[in-house]
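Residue numbers (my numbering), protein chains in the order written: chain A, 201 to 441; chain B, 201 to 441.
Cβ coordinates follow ideal geometry from the N, Cα and C atoms, glycine included.
All figures in this text were calculated on a predicted structure; none of them were measured in a lab.
First comes the structure, then the notes that go with it.
Protein chains: 2
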Amino acid sequence: MTVPDRRHARRHVTGGISEATVARLPLYLRALQGLPGRNLSTVSSEALAQAAGVNSAKLRKDLSQLGSYGTRGVGYDVEYLIFQISRELGLSRRRAVAIVGMGNLGEALANYGGFAGRGFRVAALLDCDPARVGLQIAGLPVRDVRELPEISRAEQVAIGVIATPAQAAQTVCDGLVQAGVSSILNFAPALLGVPDGVDVRKVDFSLELQILAFHSHRRAGVPTIDAFRPGPTTRAEAVQP
Amino acid sequence: MTVPDRRHARRHVTGGISEATVARLPLYLRALQGLPGRNLSTVSSEALAQAAGVNSAKLRKDLSQLGSYGTRGVGYDVEYLIFQISRELGLSRRRAVAIVGMGNLGEALANYGGFAGRGFRVAALLDCDPARVGLQIAGLPVRDVRELPEISRAEQVAIGVIATPAQAAQTVCDGLVQAGVSSILNFAPALLGVPDGVDVRKVDFSLELQILAFHSHRRAGVPTIDAFRPGPTTRAEAVQP
DNA sequence: TTGACTTTGTGCGTTCGTTCACAAGCGCGT
DNA sequence: ACGCGCTTGTGAACGAACGCACAAAGTCAA
Chain A
201 MTVPDRRHAR
211 RHVTGGISEA
221 TVARLPLYLR
231 ALQGLPGRNL
241 STVSSEALAQ
251 AAGVNSAKLR
261 KDLSQLGSYG
271 TRGVGYDVEY
281 LIFQISRELG
291 LSRRRAVAIV
301 GMGNLGEALA
311 NYGGFAGRGF
321 RVAALLDCDP
331 ARVGLQIAGL
341 PVRDVRELPE
351 ISRAEQVAIG
361 VIATPAQAAQ
371 TVCDGLVQAG
381 VSSILNFAPA
391 LLGVPDGVDV
401 RKVDFSLELQ
411 ILAFHSHRRA
421 GVPTIDAFRP
431 GPTTRAEAVQ
441 P
Chain B
201 MTVPDRRHAR
211 RHVTGGISEA
221 TVARLPLYLR
231 ALQGLPGRNL
241 STVSSEALAQ
251 AAGVNSAKLR
261 KDLSQLGSYG
271 TRGVGYDVEY
281 LIFQISRELG
291 LSRRRAVAIV
301 GMGNLGEALA
311 NYGGFAGRGF
321 RVAALLDCDP
331 ARVGLQIAGL
341 PVRDVRELPE
351 ISRAEQVAIG
361 VIATPAQAAQ
371 TVCDGLVQAG
381 VSSILNFAPA
391 LLGVPDGVDV
401 RKVDFSLELQ
411 ILAFHSHRRA
421 GVPTIDAFRP
431 GPTTRAEAVQ
441 P
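Shown next as structure tokens:
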């Protein structure tokens, strides 16, 4: 029998706000900030929903989980709603991000301008390769990953980004957790095991590509070829859990 | 009233396989390929589920949607299962990928080795900036985005990757669709409108970071400050949809 | 051949999320 | 002051997805 998945037990409802809603709040925030008529002070749920690409009833239900911040007959006050969502997401305080793994991806992330504008600050770049340690990337020095504990303490690192190859991911993850980081964004194609209280989110390009491939394949028509079937197998050679 | 979201109407069930299942198949595939004892020929659902980080009943249900490829009392033949999942995902044929936008991210994606190993081939790199057009990145020349139609036809581009700034995303997307690309992976923080039959998936770092920030914020304790509330607003100044 | 053991495939109850539809509430014009 | 029109907030119905638990089906040993 399977042990209940403790790692995701927290994920369903967090502080009265459902996880599905939390995942959409940043979307609404972005839609609000990019609203065409920013000189206008209110938006209807309908207009905002369209800008965010969701159903308006869903939007209203999501926002109602934060409180009654709308006015019937008028809509939502744009500035106030931005403030409330930002507050709910904890974006009022700027969070320090450490990026581990300075390969192509790590470098791109370090240079990516989107962090600063959205409540995050790239505080440290780390790598284990001596050839890369000491380089300057995006105005920051690349430091040895073994310095993580000190850096984490000094910079108050809140979020760790793993941009290493898959083999190194778990080790780096353990190091981050050890250093007190409890939010991890994982770009490596690996399953991370973490203790309770640590939050991991995964971003995986090739996974998304494969899902796209499936749909593309389906649209093109399924060949439904059925090649070989394996012969009988003894139980002895099976993989043990 | 909201128009039903046509763009995602197809997303629930595709060819008898639920979308949730499709999203996990690449995960299983990766778990199978990275299985510790690859010399052994079969896995139990329990062992594979653990390797993929999911419930074993869910795994079995997912696999049963592809057909009865397991043997009771023994498990699943590893090679055969890899073959079947790959076939279902349409990975038997290698798909050409075009990357548009050769900034930091586009360059990182071009250099990323994960594509080749997983059934994808980076066929073309595109940009609209004359300063970048002509450069060699990852052994490929950067070409002008206006050449997209010819390139798409010549290389049989199946998947377009958008790695441009948000403002350019919709234009690039339209160009891709125009050129016959019907699978798009969007890295830009923008909502893309596409006609029916075109599949868009989104990858968004800062969105994930903000979700992490929420949980981190929640763990730290919610301040629950309530600052200003907006004064009454006339209806005339509201944003029109 | 039989019986014990293992593992798949799935029926079923539950939980979660989405959408519809409408009552309640608010501003505006008269 | 009052009714009209607009928009929010939510009750309720529906549908999807998850996970348990178990029967069906296979292996292995004797």
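Q) Could you give the residue range of the beta strand (DSSP E) that holds A:Phe-320? A) Numbered from 1 along the first sequence, position 120 holds the residue referred to as residue 320 of chain A. First-last of the beta strand (DSSP E) with A:Phe-320: 320-327.
**Q.** Environment of A:Pro-395 [buried if 16+ CB atoms lie within 10 Å]
**A.** In the first sequence, the residue the question calls residue 395 of chain A occupies position 195. Exposed, by the Cβ-count rule.
(Q) If the cut-off is 7 Å on Cβ atoms, which residues from the segment 357-370 of chain B count as contacting chain A, listed in chain order? (A) With the criterion set as a beta carbon lying under 7 Å from some beta carbon of chain A, the members of the segment 357-370 of chain B are Ala-358 and Ile-359, in sequence order.
Q | A:Arg-419 - containing alpha helix (DSSP H), residue span | A | Against the first sequence, residue 419 of chain A aligns to sequence position 219. Counting along the chain, the alpha helix (DSSP H) containing A:Arg-419 begins and ends at 405-420.
Q) Regarding B:Lys-402 and the ligand NAD, is the C-beta to nearest heavy atom distance less than 7 Å? A) In terms of ligand content, the structure shown is empty, and the ligand NAD therefore cannot be addressed.
Q | Where the alpha helix (DSSP H) containing B:Pro-330 begins and where it ends | A | The count along the second sequence starts at 1 and reaches residue 330 of chain B at position 130. From DSSP, B:Pro-330 is part of no alpha helix (DSSP H); its letter is neither H nor E.
Q | Sheet register partners of B:Gln-336 (DSSP bridge) | A | In the second sequence, the residue the question calls residue 336 of chain B occupies position 136. In DSSP, B:Gln-336 forms a bridge with B:Pro-341.
Q.
In the DSSP assignment, the beta strand (DSSP E) including A:Val-361 goes from what residue to what residue?
A. Within the first sequence, the letter at position 161 stands for residue 361 of chain A. Annotation: the continuous beta strand (DSSP E) that includes A:Val-361 extends over 357-362.
Q | Proximity to B:Ser-245 [Cα-Cα], best of B:Gly-267, B:Leu-259 and B:Leu-232 | A | Taking the second sequence and counting its residues from 1, the one referred to as residue 245 of chain B is at position 45. Comparing Cα positions, the closest option is B:Leu-259.
Q. What are the boundary residues of the alpha helix (DSSP H) that includes A:Leu-385?
A. The sequence position of residue 385 of chain A within the first sequence is 185, counting from 1. A:Leu-385 -> not in any alpha helix (DSSP H); beta strand (DSSP E) instead, spanning 383-386.
Q.
On the criterion of 16 or more Cβ atoms from any shown chain inside 10 Å, does A:Ala-252 qualify as buried, or is it exposed?
A. In the first sequence, residue 252 of chain A corresponds to position 52, counting from 1. Counting Cβ neighbours within 10 Å, A:Ala-252 comes out buried, since at least 16 surround it.
Q: Measuring alpha carbon to alpha carbon, tell me which of B:Ile-299, B:Leu-305 and B:Arg-318 ends up nearest B:Glu-355.
A: Residue 355 of chain B sits at position 155 when you count from the first residue of the second sequence. Per the Cα distances, B:Ile-299.
Q: Please classify A:Gln-410: is it buried, with 16 or more other beta-carbons within 10 angstroms of its beta-carbon, or exposed?
A: For the purposes of this step, residue 410 of chain A is identified with residue 210 of the first sequence, where counting begins at 1. Counting Cβ neighbours within 10 Å, A:Gln-410 comes out buried, since at least 16 surround it.
Q: For B:Val-254, count neighbouring C-beta atoms within 10 Å of its own C-beta (all shown protein chains included) and say buried if the count is 16 or more, exposed if not.
A: Indexing the second sequence from 1 puts residue 254 of chain B at position 54. By the Cβ neighbour-count rule, B:Val-254 is buried, with 16 or more other Cβ atoms within 10 Å of its own.
Q: Find the nearest neighbour of B:Gly-273 within the set B:Arg-287, B:Val-243 and B:Ser-416, judged by alpha-carbon distance.
A: One-based indexing of the second sequence puts residue 273 of chain B at position 73. Of B:Arg-287, B:Val-243 and B:Ser-416, the residue nearest in Cα terms is B:Val-243.
Q: Just the chain A side, please: which residues come within less than 7 Å of B:Pro-226 by C-beta, in chain order?
A: Position 26 of the second sequence, counted from the first residue, corresponds to residue 226 of chain B. Within 7 Å Cβ-Cβ: Leu-407, Gln-410 and Ile-411.
Q: Go through its chain and collect everything with a Cβ distance to A:Arg-318's Cβ below 8 Å, but skip five positions before and after it.
A: For the purposes of this step, residue 318 of chain A is taken as the residue at position 118 of the first sequence. Closer than 8 Å at the Cβ level, and outside the excluded window around A:Arg-318, lie Leu-291.
(Q) Looking only at its chain, what residues have a beta carbon closer than 8 Å to the beta carbon of B:Gly-234, apart from the 5 residues adjacent to it on each side? (A) For the purposes of this step, residue 234 of chain B is taken as residue 34 along the second sequence, with counting starting at 1. So the list reads Ala-251, once near-sequence residues are dropped.
Q | Min CB distance A:Ala-209 to chain B below 8 Å | A | As a first step, residue 209 of chain A is located in the first sequence; it is residue number 9 there, counting from the start. Confidence in A:Ala-209 is poor, its pLDDT being 37 and thus under 50, which makes the residue's placement too unreliable to answer from.
Q) Between A:Val-222 and chain B, is there a C-beta pair that is closer than 8 Å? A) In the first sequence, residue 222 of chain A corresponds to position 22, counting from 1. Output row for A:Val-222: interface = yes.
Q) How big is the Cα-Cα spacing for A:Arg-321 and A:Arg-346? A) Stepping through the first sequence from its first residue, residue 321 of chain A is reached at position 121. Stepping through the first sequence from its first residue, residue 346 of chain A is reached at position 146. Taking the straight line joining both Cα atoms gives about 21 Å.
Q: Less than 8 Å between the CB atoms is what I'm expecting for B:Ala-369 and B:Ala-390, so what's the real figure, rounded?
A: For this step, residue 369 of chain B is matched to residue 169 along the second sequence. For this step, residue 390 of chain B is matched to residue 190 along the second sequence. Correct: roughly 4 Å between the Cβ atoms.
(Q) Tell me which residues share the same chain as A:Arg-353 and place their Cβ nearer than 8 Å to its Cβ, disregarding the 5 neighbours each side in the sequence. (A) If you number the first sequence from 1, residue 353 of chain A lands on position 153. The answer, listed in chain order, is Ala-379 and Gly-380.
Q: Anything in chain B within Cβ reach of A:Arg-318, meaning under 8 Å, just list it in chain order.
A: Residue numbering aside, residue 318 of chain A sits at position 118 when the first sequence is read from its first letter. Here the neighbours are Ser-406, Leu-409 and Gln-410.
Q: Measure from the C-beta of B:Asp-262 to each C-beta in chain A and report whether the shortest distance is under 8 Å.
A: Here residue 262 of chain B refers to the residue found at position 62 when the second sequence is read from its first residue. No, B:Asp-262 does not count as interfacial toward chain A.
**Q.** CB contact check: A:Ser-218 to chain B, cutoff 8 Å
**A.** Stepping through the first sequence from its first residue, residue 218 of chain A is reached at position 18. Output row for A:Ser-218: interface = no.
Q | Cross-strand partners of B:Arg-224 (DSSP beta bridge) | A | Translated into positions along the second sequence, residue 224 of chain B becomes position 24. Answer by DSSP bridge pairing: none, since B:Arg-224 is not bridged.
(Q) Can you tell me whether A:Ala-379 is helix, strand or coil according to DSSP? (A) Taking the first sequence and counting its residues from 1, the one referred to as residue 379 of chain A is at position 179. In this structure, A:Ala-379 counts as coil in the three-state DSSP scheme.
Q: Assuming A:Val-361 contacts A:Ala-323 (C-beta within less than 8 Å), just tell me the rounded distance between them.
A: The residue labelled residue 361 of chain A in the question sits at position 161 within the first sequence. The residue labelled residue 323 of chain A in the question sits at position 123 within the first sequence. Rounded, the Cβ-Cβ distance is 11 Å, inconsistent with contact.
Q) Which one of A:Gly-397, A:Leu-232 and A:Ser-416 has the shortest CA to CA distance from A:Asp-277? A) Taking the first residue of the first sequence as 1, we reach residue 277 of chain A at position 77. Closest by C-alpha distance to A:Asp-277, out of A:Gly-397, A:Leu-232 and A:Ser-416, is A:Leu-232.
Q) Can a CB atom of chain B be found closer than 8 Å to the CB of A:Val-403? A) As a working note, residue 403 of chain A is residue 203 in the first sequence. True, the Cβ-Cβ gap to chain B drops below 8 Å.
Q: Going by CA-CA distance only, name the one from A:Arg-419, A:Glu-408 and A:Ile-285 that's closest to B:Phe-315.
A: Here the question's residue 315 of chain B lines up with position 115 in the second sequence. Considering only A:Arg-419, A:Glu-408 and A:Ile-285, the residue with the shortest C-alpha distance to B:Phe-315 is A:Glu-408.
Q.
Short of 7 Å in beta carbon distance, which residues of its chain neighbour A:Leu-227, apart from the five on each side in sequence? Order them along the chain.
A. Position 27 of the first sequence, counted from the start, is the residue given in the question as residue 227 of chain A. Ala-252.
Q. What runs of the alpha helix (DSSP H), each 4 residues or longer, lie entirely inside the segment 224-297 of chain A?
A. Within the segment 224-297 of chain A, the complete alpha helix (DSSP H) runs of at least 4 residues are 245-252, 256-264 and 278-289.
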